[in-house]
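Chains as they are written, first to last, in our numbering: chain A, 1 to 164; chain B, 165 to 328. Ideal Cβ placement from N, Cα and C applies to all residues, glycine included.
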């Protein structure tokens, strides 16, 4: 039985690439539904890229009507410029989720790695491999940020009390 | 004669305090209309603060129907945490402006200081004093971020070709 109440969406924010992952939780099992990346071109004016991210996140919210949505929470970034850019993408993603009447959950990369790999220091490769195993996929989802977004959704499926 | 075509809005983004300034350009003169600060409480969940900023910016856009809107563009921040927070506020501000069919202009603090004080190294005090002088105010606008937002609006009034 597929219930719309158990759809979980995960987002890995970025200006050029925002990963998204959609899973379903049925009892104790989790199932892959969709994953991919919202890409915005460097040739576009900056605020148009933010608009594109907002619109695409909104479309995913409307399409999948998730009951739980989680977004990666960052404390670190390569530098201040990266942090400002990721921050702006993250701001419009949180807004698009909130406009759909869902309170976004936030997990740090450490929480995601601990939840998915039982190791806060896990590599991207290890996270991808565990996502593949947990969702019974034939290959690690591509691109990287889609795999990361699925890992965030999986983390939400473990953490959230609504699903306990 | 007051024309709605000459209203300029400036924003100085922040999660706790987003400064705004509204001026009008009539010929070669600029006139103070409004200024203040959008404040969001630390007690609120983070995404609620973003929603509040978005809503208040949208209200200002609807109230003043500006033809030009400028937002401070940052390259520097005290640290990555600050950059992420300011970035998120900035993202929803740009989105609120774009949703009102205006292409936001962006000026760096250096550009603002050069435009308003003819000195890229000007202090906050110097910027405030020049804003007071240029707008014929009795005192420097308070709080600081309101004065900064007015300085951003004044910069837009100097730079923008639509007003040349």
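Exercise. Can you give the beta carbon distance from residue 221 of chain B to residue 257 of chain B, rounded, assuming they're within the 8 Å contact cut?
Worked result: 5 Å
Exercise. Touch check for the stretch 133 to 143 of chain A and the stretch 281 to 299 of chain B: three-plus C-beta pairs under 8 Å?
Worked result: no
Exercise. In whole angstroms, what separates the C-alpha of residue 312 of chain B from that of residue 204 of chain B?
Worked result: 18 Å
Exercise. Quick one: is residue 176 of chain B buried, meaning 16 or more other Cβ sit within 10 Å of its Cβ, or exposed?
Worked result: buried
Problem set entry | Beta-carbon gap between residue 32 of chain A and residue 23 of chain A smaller than 8 Å | yes
Problem set entry | Proximal chain B residues relative to residue 88 of chain A, where beta-carbon distance stays under 8 Å | 251, 252, 254, 255 and 258
Exercise. Just to confirm, are residue 14 of chain A and residue 144 of chain A a CB contact at a threshold of 8 Å?
Worked result: no
Exercise. Residue 35 of chain A lies in the alpha helix (DSSP H); which residues open and close that run?
Worked result: Careful: residue 35 of chain A lies outside any alpha helix (DSSP H), inside the beta strand (DSSP E) at 29 to 39.
Exercise. For the beta strand (DSSP E) that contains residue 171 of chain A, what are its first and last residues?
Worked result: Residue 171 of chain A lies beyond the stretch modelled for chain A, which goes from 1 to 164, so this question has no answer here.
Exercise. Between residue 80 of chain A and residue 253 of chain B, is the Cβ-Cβ spacing less than 8 Å?
Worked result: no
Exercise. Does the Cβ-Cβ distance between residue 172 of chain B and residue 193 of chain B come in under 8 Å?
Worked result: no
For this session: Identify which residue in B:232, B:272, B:287 and B:239 has its Cα closest to the Cα of residue 264 of chain B.
Result: Residue 264 of chain B has its Cα closest to that of B:232, out of B:232, B:272, B:287 and B:239.
For this session: For residue 169 of chain A, decide whether its Cβ has a neighbour in chain B, counting only Cβ atoms nearer than 8 Å.
Result: Residue 169 of chain A lies beyond the range of chain A shown here (1 to 164); nothing can be said about it.
Exercise. Are the beta-carbon atoms of residue 112 of chain A and residue 53 of chain A separated by less than 8 Å?
Worked result: no
Exercise. Is any beta-carbon of chain A found at less than 8 Å from that of residue 238 of chain B?
Worked result: yes
Exercise. Thinking just about the alpha-carbon of each residue, which of A:66, A:45 and A:157 is nearest to the one in residue 107 of chain A?
Worked result: A:157
Exercise. In chain order, which beta strand (DSSP E) runs of at least 3 residues are fully inside the stretch 97 to 135 of chain A?
Worked result: Within the stretch 97 to 135 of chain A, the complete beta strand (DSSP E) runs of at least 3 residues are 105 to 107.
For this session: Spell out whether any CB of chain A is found under 8 Å from the CB atom of residue 221 of chain B.
Result: no
For this session: Measure from the alpha carbon of residue 206 of chain B to the alpha carbon of each residue in B:180, B:174 and B:250, then state which is nearest.
Result: The option with the nearest alpha carbon to residue 206 of chain B is B:180.
For this session: Classify residue 60 of chain A as helix, strand or coil using the three-state DSSP reduction.
Result: In this structure, residue 60 of chain A counts as helix in the three-state DSSP scheme.
Problem set entry | Beta-carbon separation (whole angstroms), residue 35 of chain A vs residue 110 of chain A, contact threshold 8 Å | Rounded, the Cβ-Cβ distance is 22 Å, inconsistent with contact.
Exercise. Where does residue 148 of chain A fall in DSSP's three states?
Worked result: When DSSP states are grouped into helix, strand and coil, residue 148 of chain A belongs to the helix group.
Exercise. From the DSSP output, which residues share a beta bridge with residue 70 of chain A?
Worked result: A:10 and A:105
Exercise. Do residue 211 of chain B and residue 66 of chain A have their CB atoms nearer than 8 Å?
Worked result: no
Exercise. Would you report the Cα separation of residue 249 of chain B and residue 141 of chain A, rounded to the nearest angstrom?
Worked result: Cα to Cα, the separation comes out at about 30 Å.
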